[in-house]
Amino acid sequence: MTGQLAFVESPVQLLNVLEWAHTQTPDVPATEADAAPPLTVVVLSPTDPMSRGQLRRMAQLARDQGLTVRWQEARGGRGALVRTLRELARPLRSAERVIIGDPFSRYVQLLLTLFAPRHLTVVDDGTATMEFAAQLGRGERLVRWHRKGSMGPRELVLAPVTSLARRKLAPTRGRTVEIFTSLPVEAPPGVTVTENTYAWTRDGFGPPLLTGGADLVGTSLVETGVVDADHYARVVQELARAHGATRYFAHRRESAEKLHRIAVETGLQVVRPDLPLELIARRGPIGRTVVSFPSTVVHTLPLALAGTGVKVAVIEIAPEWLRATASPRAQGFLSGVAGTAAHEVDRLTTRAAGPADRLEFG
C-alpha cells in the first residue's frame with residue numbers, strides 16, 4: 025500500500041494530524057502485513073513569523089512521534105508555487121490517503137485539482153470546519169464565513185479552481201471522505217465524521233498546575249475585519265476586571281499594535297504561545313478559569329483539560345461589536361460557535377450600556 029500524505033499550513037492543523045494519527049495506532053502490535061501505511065506531513069509554510077515558529081516546534085513533536093515531516097517553502101517568492109507543485113506531483117499521485125487541514129485554502133484547492141485520492145481526511149483548522157461541512161452538504165461553493173458574499177477579481181479568476189476542488193472534496197463511488205473534528209458538525213451525505221477527543225494531547229502532556237486566577241484567550245476577529253477594535257479593547261478590560269485575569273494568550277494572527285494597546289490599557293501580561301493553546305494549557309500552568317471569545321478553543325479546551333478542574337467560559341459577540349464591513353453571516357456564525365460549545369462551558373452575555381458594553385456573567 026502506498027503512503028499517506030498530510031498538508032498543513034498552521035500549528036493547529038498539525039496538532040490535529042497528530043491526533044488523527046494517534047487514533048490509527050492499533051491497540052495490539054501490528055504485523056508487517058496489516059501495519060498502517062507511513063504518514064508524511066508536508067508543511068506548506070506560511071510567511072508570518074508567529075505561525076512559522078509554532079510550526080517549527082510542532083514539526084519536531086511530529087518527528088518525535090515517528091512521522092516524516094517535509095518543510096516546503098510554498099510561499100517563498102517568485103517561482104515558489106510552480107516549484108512546489110512540481111516537487112509534490114509524484115507523492116500526490118501515489119498517496120493512498122490525503123489529509124488536509126484547510127479546505128478553504130487556495131493552495132490546498134490548487135493541489136486538489138492535481139489528484140483524486142481514494143481516501144480524503146479533513147482535520148480541524150478552527151471553527152471553519154463547521155462552515156465547510158454545511159457548505160459541502162448544501163452543495164455550495166466554498167467561502168470562508170467572514171468573507172463577503174460577492175466575488176472580487178481574484179475570486180473570479182480562481183472560481184474554476186474552487187469549483188473543481190469542491191468536487192474533489194465530495195465523496196464518490198471511488199473516494200471516501202472523513203471529517204476528523206472536535207466540533208459539532210452534521211455529516212454531509214456520504215461523509216464520515218470521526219470525533220477528535222484530544223487523546224494524544226491528554227496522554228502526552230500534563231495534568232497542569234492550576235493558578236488561582238483566570239486567563240483570557242485572544243482572537244483575530246479584529247484583524248479579519250469582523251469586530252470593532254474599540255469594542256474589543258473595552259470588553260477585554262471588563263473581562264479582566266470581572267474575573268481577576270492576569271494573562272492574555274494572544275492568537276498568532278493578532279497584530280503587535282493591538283496587543284500593545286491591550287497590555288497598556290488593561291495591565292494584562294500578553295503571552296504569545298510557542299505551541300497551540302491546547303498543548304500550552306495542558307502543559308500548564310493555567311488559570312482555574314479560561315475565558316475566550318467564540319473560537320475553536322471553547323470546543324477543544326474542555327476536551328484537552330478534561331478532569332483537571334479548569335472551567336472554560338465563552339463571551340458571546342453582541343451585534344453592536346461588529347464592523348459595518350463585516351460579512352452578513354458573521355453574527356449568526358459566531359453565535360453558533362458560542363451556542364454549540366460544550367454543556368460545561370459557561371456563556372457570558374453583553375448588553376448595551378451607554379458608551380461601553382456591560383458584561384453579565386452567569
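25 is the number of the first residue of the sequence shown in the numbering used here; add one for each residue after it.
All C-beta atoms, glycine included, are put in the ideal place defined by N, C-alpha and C.
1. Among the candidates L303, P300, D227 and L283, whose CA atom is the shortest distance from the CA of V294?
2. Is it the case that the Cβ atoms of S24 and R110 are separated by a distance below 8 Å?
3. Checking 8 Å against the spacing of the C-beta atoms, do G205 and W44 come in under that value?
4. Look up P35 in the DSSP assignment and say whether it is helix, strand or coil.
5. Quick check on R191: buried or exposed, where buried means 16 or more other Cβ atoms within 10 Å of its Cβ?
6. Beta carbon of P61, beta carbon of Q28: below 8 Å?
7. Nearest-angstrom Cα distance between H267 and V338?
8. Indicate the three-state DSSP secondary structure (helix, strand or coil) for I124 in the structure shown.
9. With burial defined as no fewer than 16 other Cβ atoms inside 10 Å of the residue's Cβ, what is the status of S279: buried or exposed?
10. Within the same chain, show all residues whose beta-carbon is closer than 7 Å to that of P195, passing over the 5 residues directly before and after it, in chain order.
11. Give every residue of the same chain whose Cβ lies closer than 7 Å to the Cβ of T324, excluding the five residues on either side of it in the sequence, and list them in chain order.
12. Short check: CB of R312 to CB of P232, under 8 Å?
13. Leaving out five residues on either side along the sequence, give the residues of the same chain with a beta carbon under 8 Å from the beta carbon of A86.
14. Checking the sheet assignment: what are the DSSP bridge partners for E202?
15. Let me check understanding here. Comparing Cα to Cα, which of P115, S34 and G90 lies closest to R80?
16. Starting from the C-beta of L329, find all residues in its chain whose C-beta is less than 7 Å away, skip the five residues before and the five after it, and write them out in chain order.
17. Does G103 pass the burial test, meaning 16 or more other C-beta atoms within 10 Å, or should it be called exposed?
18. Spatial neighbours of P326 within its chain, please: CB distance less than 7 Å, with the 5 preceding and 5 following residues excluded, ordered by chain position.
19. State the start and end residues of the unbroken alpha helix (DSSP H) segment that holds V260.
20. Could you check if A238 is buried or exposed, using at least 16 other CB atoms within 10 Å of its CB as the buried criterion?
21. Could you pull out every residue in the same chain whose Cβ sits closer than 7 Å to the Cβ of E97, ignoring the five residues on either side in sequence?
22. Skipping 5 residues on each side, what residues in its chain have a beta carbon closer than 8 Å to that of S350?
23. Could you check the C-alpha separation between V167 and F128 for me, to the nearest Å?
24. According to DSSP, is L188 part of a helix, a strand, or is it coil?
25. At the level of alpha carbons, what is the spacing between D149 and S319?
26. I'd like to know whether the C-beta atoms of A30 and L63 end up nearer to each other than 8 Å.
27. With a threshold of 16 other CB atoms inside 10 Å of the CB of E344, please say whether the residue is buried or exposed.
28. For L283, does the three-state DSSP call read helix, strand or coil?
29. Look at the alpha carbon of A269 and the alpha carbon of I286, and state the distance between them as a whole number of angstroms.
30. Taking only three categories from DSSP, how would you classify D88?
31. Can you check DSSP and say which residues form a bridge with L271?
32. Measure from the alpha carbon of T153 to the alpha carbon of each residue in E262, I124, E340 and P115, then state which is nearest.
33. Grab the span of the beta strand (DSSP E) containing G311 for me, first residue to last.
34. Quick check: the Cα distance between E247 and P352, rounded to an integer number of angstroms?
35. Do you know whose CA, among Q84, M82 and G90, lies nearest T49's CA?
36. Give me the DSSP bridge partner(s) of V250.
Considering the structure as presented:
1. Taking the sequence shown and counting its residues from 1, one reaches residue 294 at position 270. Ranked by Cα distance from V294, the options L303, P300, D227 and L283 are led by L283.
2. In this structure the chain extends from 25 to 386, so residue 24 is not present and cannot be described.
3. By 1-based counting over the sequence shown, the position of residue 205 is 181. By 1-based counting over the sequence shown, the position of residue 44 is 20. First, the residue type needs correcting, since residue 205 is Thr and not Gly in the sequence shown. Taking C-beta atoms as the reference points, T205 and W44 fail to come closer than 8 Å.
4. Residue mapping note: residue 35 aligns to position 11 of the sequence shown, counting from 1. P35 falls in the helix class under three-state DSSP.
5. Looking up residue 191 in the sequence shown gives position 167. The residue in question, R191, is exposed, as its Cβ has fewer than 16 Cβ neighbours within 10 Å.
6. For this step, residue 61 is matched to residue 37 along the sequence shown. For this step, residue 28 is matched to residue 4 along the sequence shown. It is a contact, given that the beta carbons lie within the stated cut-off.
7. Position 243 of the sequence shown holds residue 267. Position 314 of the sequence shown holds residue 338. Between H267 and V338, the C-alpha separation is close to 13 Å.
8. What you label residue 124 is simply residue 100 of the sequence shown in a count that begins at 1. It is a strand residue.
9. As a working note, residue 279 is residue 255 in the sequence shown. Exposed is the call here.
10. If you number the sequence shown from 1, residue 195 lands on position 171. If the five residues before and after P195 are omitted, its C-beta is found closer than 7 Å to the C-beta atoms of V201, G214 and V215, all from its own chain and listed in chain order.
11. Here residue 324 corresponds to residue number 300 of the sequence shown, with the count starting at 1. Cβ neighbours of T324 beyond the five flanking positions: S206, Y222 and E302.
12. Counting from one through the sequence shown, the residue named residue 312 turns up at place 288. Counting from one through the sequence shown, the residue named residue 232 turns up at place 208. Going by C-beta atoms, R312 is not nearer than 8 Å to P232.
13. Mapped onto the sequence shown, residue 86 falls at position 62. So the list reads L38, V41, L42, V65 and V93, once near-sequence residues are dropped.
14. Looking up residue 202 in the sequence shown gives position 178. Answer is T145 and T216.
15. In the sequence shown, the residue the question calls residue 80 occupies position 56. Of the residues P115, S34 and G90, the one whose Cα lies closest to the Cα of R80 is S34.
16. Residue numbering aside, residue 329 sits at position 305 when the sequence shown is read from its first letter. The beta carbon of L329 lies closer than 7 Å to those of A305 and R306 in the same chain, with the five residues before and after it left out.
17. Taking the sequence shown and counting its residues from 1, the one referred to as residue 103 is at position 79. Label assigned to G103: exposed.
18. Counting from one through the sequence shown, the residue named residue 326 turns up at place 302. Setting aside the 5 residues that flank it on each side, P326 is surrounded in the same chain by V336, A366, E368 and V369, each with a C-beta closer than 7 Å to its C-beta; the list follows chain order.
19. In the sequence shown, the residue the question calls residue 260 occupies position 236. Segment A253 to H267, the alpha helix (DSSP H) holding V260.
20. To locate residue 238, count along the sequence shown from 1; it is residue 214. With 16 or more other Cβ atoms within 10 Å, it is buried.
21. Within the sequence shown, the letter at position 73 stands for residue 97. Within its own chain, the residues whose Cβ lies closer than 7 Å to the Cβ of E97, once the five positions on either side in sequence are excluded, are S69 and A104, listed in chain order.
22. To locate residue 350, count along the sequence shown from 1; it is residue 326. One detail in the question is off: residue 350 reads as Ala in this sequence, not Ser. Only H170, G249, V250 and V251 meet the Cβ criterion.
23. By one-based count along the sequence shown, residue 167 stands at place 143. By one-based count along the sequence shown, residue 128 stands at place 104. In a straight line, the C-alpha of V167 is about 7 Å away from that of F128.
24. Within the sequence shown, numbered from 1, the residue matching residue 188 stands at position 164. Residue state, collapsed to three classes: helix.
25. Counted from its first residue, the sequence shown places residue 149 at position 125. Counted from its first residue, the sequence shown places residue 319 at position 295. Straight-line Cα distance between these residues: approximately 11 Å.
26. Here residue 30 refers to the residue found at position 6 of the sequence shown. Here residue 63 refers to the residue found at position 39 of the sequence shown. Their beta carbons are under 8 Å apart, which means A30 touches L63 by this criterion.
27. Stepping through the sequence shown from its first residue, residue 344 is reached at position 320. It counts as exposed.
28. Within the sequence shown, numbered from 1, the residue matching residue 283 stands at position 259. Of the three classes helix, strand and coil, the one that applies to L283 here is helix, per DSSP.
29. For this step, residue 269 is matched to residue 245 along the sequence shown. For this step, residue 286 is matched to residue 262 along the sequence shown. About 13 Å.
30. Counted from its first residue, the sequence shown places residue 88 at position 64. Collapsing the DSSP output to three states places D88 in a helix.
31. For the purposes of this step, residue 271 is taken as the residue at position 247 of the sequence shown. The residue asked about is misnamed: residue 271 is Arg in this sequence, not Leu. DSSP, once it has assigned bridges, lists D239 and Q293 as partnering R271.
32. Translated into positions along the sequence shown, residue 153 becomes position 129. Ranking the options by Cα distance to T153, first place goes to I124.
33. Here residue 311 is taken as the residue at index 287 of the sequence shown, counted from 1. Run containing G311: I310 to S316, per the beta strand (DSSP E) assignment.
34. Your numbering for residue 247 matches position 223 in the sequence shown. Your numbering for residue 352 matches position 328 in the sequence shown. Rounded to the nearest angstrom, the two C-alpha atoms are 17 Å apart.
35. Numbered from its first residue, the sequence shown carries residue 49 at position 25. Checked all of Q84, M82 and G90; the closest Cα to T49 is G90.
36. Residue mapping note: residue 250 aligns to position 226 of the sequence shown, counting from 1. None; V250 has no bridge partner.
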